[in-house]
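Down below is the structure, laid out as structure tokens.
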Amino acid sequence: MTSIQAVQSQIAESSAEAVVASALQKAHADTHNTFLNIMEHSALERARQVDRGDIIGPLAGVPFAVKDNFLTHEVPTTAASNFLEDFVSPLQATAVKKLEAQGAICIGKVNLDAFAHGGSTENSAFGVTKNAVDETRVAGGSSGGSAVAVALDIVPFALGTDTGGSIRQPASFNGVVGLKPTYGAVSRYGVVAMASGTDTIGVLSSTVGDAELLMTFLSGQDARDMTTLPDFFSLDEQNNGKKLGVIKEFMGEGVDEQVRARIEAAVEQYKTLGYDVEEVSLPLLKYAIAIYYTVIPAEISSNLARYDGVRYGTQKGKDGSLTDVYELSRHAGFVQENKRRIIIGNYVLSSGFFDAYYQKAQKARTLLINEFTTLFAEYDALLGPVSPSPAFTIGESVDDPLEVYLRDVMTVPASLAGLPALSVPVGATDSGLPVGLQIIGARKSDAKILAIAREIEGKNE
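Just so we're on the same page, the numbering used here is the position in the sequence shown counted from 1, plus 11.
Spelled out as structure tokens, the structure:
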């Protein structure tokens, strides 16, 4: 994989147009079903403008890809759903605009689970994206295309979204760095909503340093997203803390032995670097999946209610009644996983069940947040695996949604609490499948966990 700095050296030695043309060639030749749309015309034109000096900036000429739930000009934004197969946005997502303002060049839109519902890209309406290391295995999700585009060295970085692990898990599965910032650190304006209470914009990159650099451009308040926070990210923040906690519940039964071994090796490496590492416990983690799959489907059902073939989305059944339009449009536009989450969400919000399920889940979520807060009063960051297993085989869990949900057990807790968390590669299994170490920090400690990750980067591969 090539870092941003290495790409900048290539541009200096040749030209932005040559570098972008090479990235486009790789994207066209890809066999992993990574790209849904390639923005060849605009990418090459912007590259020529960089070479002429019309576009300048610290990322001038550096190609990148975006998950296809970010609104962009020129090509459709589908969210990997048939509902939006022809939708071309009149505006750009704030995150894309910020990167382009620094001179970066978007070369295309990459695959995801439809509406970001899933952890394998098997729920995409346009086919599964294959793992970058082993094509028989999933890329992870929902930002699977973003991870693979970086892992295959098509681009040095890509944008993704993380609602319950959708950046960290595919990053772990493909051996790249994946950062989910603090909730509200980066504007969500112009990104197709999944669950507004945890949706977070982040990056997948070849190095920790690249993720740090990109956060300096992406973070900050946006008047069009009222959840954004005043810019708190600073590379000058010192990592003075040397106390880490290994989450006991993440290292127990059900964790693949080789995954556990790679995490334990990383923990030992931190000890040699002078860190004080202790085992810690978060008892409420056992309820995290139940909390997540109560709260999040409720928000999903609300956000997707607008997709009916009349207000939003491709319309079907135009010659029938209004009911026909709704039913036929939604039947064709939503994949099975979308429908499953809508049904769950409407159920937990329905009269008679709201207090028993949704309200209770939100109270339990608050208790989980309190447990994290207590630990962060003593520890600088918490460690554990990203996923209990390496990338699984394509089709292995497609008929067992509960098994897929349970795979999120290690990523949803940080999402529910709005905490920054990242995946950094720490080696591979005996069969060569990448393993990622998850580092979780307190709110607004994004720079600190990146600094902690940088110390371990590359030392256990």
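For glycine and all other residues, C-beta sits at the position ideal for the given N, C-alpha and C.
Report all residues from its chain with a CB closer than 7 Å to the CB of Leu284; omit the five preceding and five following residues, and keep chain order.
Once the five neighbours on either side are set aside, the close Cβ partners of Leu284 are Glu466.
Please list the terminal residues of the continuous beta strand (DSSP E) segment that includes Pro412.
Per DSSP, Pro412 belongs to no beta strand (DSSP E); it is in the alpha helix (DSSP H), 412 to 417.
Which full runs of the beta strand (DSSP E) of 3+ residues lie inside the segment 199 to 229, going along the chain?
Counting only runs that start and end inside the segment 199 to 229, the beta strand (DSSP E) elements of at least 3 residues fall at 211 to 216.
With a threshold of 7 Å on Cβ separation, who are the neighbours of Met421 within its own chain once the five nearest residues in sequence on each side are excluded?
Same-chain partners within the cutoff: Phe261, Gly395, Pro396, Val397, Ser398, Pro399, Gln449.
Quick check: Ile178 and Gly213, are their CB atoms within less than 8 Å of each other?
Cβ distance < 8 Å, so Ile178 and Gly213 count as in contact.
Taking 8 Å as the threshold (C-beta atoms), are Gly344 and Gly324 in contact?
Contact: yes.
Hey, could you find the ends of the alpha helix (DSSP H) Phe184 is sitting in?
Annotation for Phe184: the continuous alpha helix (DSSP H) segment containing it runs 179 to 185.
For Ser166 and Ser442, what's the separation of their Cα atoms in angstroms?
Sequence check: residue 166 is Val here, not Ser. A direct Cα-Cα distance of roughly 26 Å separates Val166 from Ser442.
What is the DSSP secondary structure of Lys141, counted as helix, strand or coil?
Collapsing the DSSP output to three states places Lys141 in a strand.
In the DSSP output, what is Ala392 paired with across the bridge?
Note: Ala392 sits in a beta bridge opposite Leu255.
Please say whether Phe98 and Ala402 have beta carbons closer to each other than 8 Å?
Cβ atoms of Ala402 and Phe98: not closer than 8 Å.
Name the two residues that bound the continuous beta strand (DSSP E) containing Asp287.
Boundaries of the beta strand (DSSP E) harbouring Asp287: 287 to 291, taken from the DSSP string.
Could you give the distance in angstroms between the alpha-carbon of Leu225 and the alpha-carbon of Val197?
The C-alpha of Val197 is placed about 11 Å away from the C-alpha of Leu225.
Close beta carbons around Tyr200, own chain, < 7 Å, minus the five adjacent residues each side
In chain order, Ala104, Thr105, Asp233, Arg235, Asp236 place their CB closer than 7 Å to the CB of Tyr200, counting only its own chain and leaving out the 5 sequence neighbours on each side.
Return the Cβ separation of Gly72 and Ile116 in integer angstroms, given the expectation that the two are a contact with Cβ distance under 8 Å.
About 6 Å; that satisfies the 8 Å criterion.
Straight-line gap, Thr45 to Glu407 (C-alpha atoms, nearest Å)
In this model, Thr45 and Glu407 are separated by some 20 Å (Cα to Cα).
Which whole runs of the beta strand (DSSP E) in the segment 33 to 67 are 3 residues long or more, in chain order?
Runs of the beta strand (DSSP E) inside the segment 33 to 67: 46 to 49.
Own chain, CB closer than 6 Å to Arg273, minus 5 neighbours either side, in chain order:
Around Arg273: Val437, Gly438, Val446.
Would you kindly work out how many angstroms separate the C-alpha atoms of Leu393 and Lys120, rounded to a whole number?
Taking the straight line joining both Cα atoms gives about 33 Å.
Rounding to the nearest angstrom, what Cα-Cα distance links Pro431 and Val86 in this structure?
Separation of Pro431 and Val86 (C-alpha to C-alpha, rounded to the nearest whole angstrom) is 31 Å.
State the start and end residues of the unbroken beta strand (DSSP E) segment that holds Phe75.
74 to 78 is the extent of the beta strand (DSSP E) around Phe75.
With distances taken from CA atoms, which of Ser245, Asp124, Gly129, Asp164 is nearest Ala76?
When only C-alpha atoms are compared, the closest one is Asp164.
Is Ala301 close to chain D, meaning its C-beta is less than 8 Å from at least one C-beta of that chain?
Any reference to chain D falls outside this structure, which holds one protein chain only.
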